[in-house]
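Under the working numbering, the first residue of the sequence shown carries the number 1, and numbering increases by one thereafter.
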Amino acid sequence: MPAQGNYIKRNNLLQISASELDAFHEFIESEYQFKLKWYNSASSERRLRKTIKNLQLNSLTDLQASLQKGSISFQRFLSEFTVNVTQVFREPGSLKALKTNVLPFYRKAKELDILLIGSSYGAELATLCIILKENGLLERSKIVASDICESVLKEAQRPVLQKTDFSEGQQNYLLAGGYRELDYYFLGAGSQAYLDESLLEKVEFKTFDVCHTQLEERFDLVICKNVLIYFQYDEQHHLINNLSRHMKDNAFLALGEKESILRLQKLNDTFSLVTREYNIYRKN
Ligand SMILES: C[S@@+](CC[C@H](N)C(=O)[O-])C[C@H]1O[C@@H](n2cnc3c(N)ncnc32)[C@H](O)[C@@H]1O
């Protein structure tokens with residue numbers, strides 16, 4: 001949307017001026033090393049407006065002042081700013097592709113190191129653990145489940161399935177090649193059920209920002225779904241480079257169904273395509 005004078009107009013309630021936005025980007029990067037300016041500008045401004053409203057502030061300048069004073073923590077800001085929508089057995093076609101194109105390589109491996117990025121509330125972690133279990137790999141896997149946002153990551157430690165999400169979850173589980181009732185893995189009656197804790201024994205939880213290289217470990221499989229879509233396309237090669245630094249040679253990278261990196265020319269030497277339809281790549 002075009003800037004109008006010094007202001008970027010989105011609605012009649014709250015305007016964010018271009019200079020206010022620049023100052024906020026700089027502040028947030030220098031204070032928290034958070035690359036807010038790499039995020040897709042339209043959705044990022046929408047989220048900023050929602051954050052300001054939810055925190056009962058009047059402007060972006062107010063938000064900056066509250067962060068500076070410490071009356072709002074950076075993590076509180078992140079919990080408002082980030083989009084945490086998720087679902088068990090989301091994108092079943094891509095899960096099936098993972099089973100067919102990736103897991104067989106590790107059938108005889110001693111260990112499988114997996115980094116799950118943007119775990120959100122844990123539905124994707126539950127999905128991954130079930131898939132590994134059904135493919136005889138869970139006991140040999142070491143999973144690092146991560147998110148930039150500490151509050152969702154805390155919830156991911158106890159993945160929950162709402163009864164209202166059950167029927168779609170079951171349908172997607174079957175589409176992904178599952179062969180029993182999904183509630184076999186979830187315990188508890190009533191409106192929600194929790195993932196059987198024994199499936200989480202191989203999981204460690206770490207905060208991780210996809211914009212930085214922070215972890216010492218190198219992984220055989222990096223899963224980063226529905227995170228890149230929030231970033232500007234031009235910045236995505238930085239993110240993929242960061243991911244690549246966390247990958248062993250010949251490791252796999254599974255992205256979301258809408259997150260092709262094929263047009264990122266600079267990456268052509270780093271990755272080979274495994275499936276075009278489901279955005280699975282392999283590090284050369
Ligand atoms: C839309 S959710 C996707 C959840 C899950 N991967 C899925 O596909 O269902 C995006 C997640 O990415 C996280 N996220 C946003 N920015 C991030 C960043 N810079 N580094 C790591 N995670 C980030 C958010 O906190 C959120 O939990």
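Idealized CB from N, CA, C, for every residue including glycine. Quick caveat: nothing in here was measured; it's all calculated off a predicted structure.
Answer with buried or exposed for residue i, where buried requires no fewer than 16 other C-beta atoms within 10 angstroms of its C-beta.
i	result
Gln236	buried
Asp220	buried
Met1	Only weak support is given to the placement of Met1: the predicted model assigns it a pLDDT of 40, under 50, and the question is left unresolved by the model.
Arg313	Any property of residue 313 remains undetermined from this structure, which presents the chain solely from 1 to 284.
Ala18	exposed
Locate the beta strand (DSSP E) running through residue i, then write down its first and last residues.
i	result
Gln64	Taken as a continuous stretch (DSSP letters only), Gln64 belongs to no beta strand (DSSP E), being part of the alpha helix (DSSP H) at 60-69.
Tyr281	280-283
Ala145	141-147
Determine whether the Cβ of residue i lies closer than 7 Å to any Cβ atom of chain D.
i	result
Gly169	Among the chains of the structure shown, chain D does not appear; only one protein chain is present.
Quick check: the Cα distance between residue i and residue j, rounded to an integer number of angstroms?
i	j	result
Ser260	Lys133	28 Å
Tyr7	Gln56	With a pLDDT of 43 at Tyr7, under the threshold of 50, the predicted position of this residue should be treated as unreliable, and no value is reported.
Ser141	Leu273	24 Å
Leu200	Leu239	28 Å
Phe231	Asp22	17 Å
Tyr194	Tyr184	11 Å
Asp295	Lys163	The question about residue 295 has no answer, for the chain in this structure spans 1 to 284.
Gly118	Val203	15 Å
Lys258	Val227	10 Å
Glu20	Glu26	10 Å
Gly78	Cys149	Residue 78 is actually Leu in this sequence, not Gly. Using only the alpha carbons, I get a separation of about 6 Å.
Leu116	Ala126	11 Å
Gln75	Asn58	20 Å
Leu262	Lys69	44 Å
Arg49	Ile16	8 Å
Ala3	Leu98	The predicted position of Ala3 is uncertain, since its pLDDT is 39 and thus under 50; a value taken from the coordinates is nonetheless stated next. So the two alpha carbons sit approximately 43 Å from each other.
Phe51	Gly136	Sequence check: residue 51 is Thr here, not Phe. In a straight line, the C-alpha of Thr51 is about 43 Å away from that of Gly136.
Phe252	Leu14	43 Å
Which two residues bound the contiguous alpha helix (DSSP H) that contains residue i?
i	result
Thr100	92-101
Phe27	18-32
Ile72	Ile72 -> no alpha helix (DSSP H), and no H or E assigned at all.
Any contact of the region 30-43 with the region 96-112, i.e. 3+ C-beta pairs under 8 Å? Segments in contact, no.
* Asked: Between the region 186-201 and the region 213-229, do three or more beta carbon pairs fall short of 8 Å?
  -> These segments do not touch.
Threshold first: 4 residues or longer. Then list the alpha helix (DSSP H) segments lying entirely within the region 177-260, N to C.
Whole alpha helix (DSSP H) segments, 4+ residues: 236-245.
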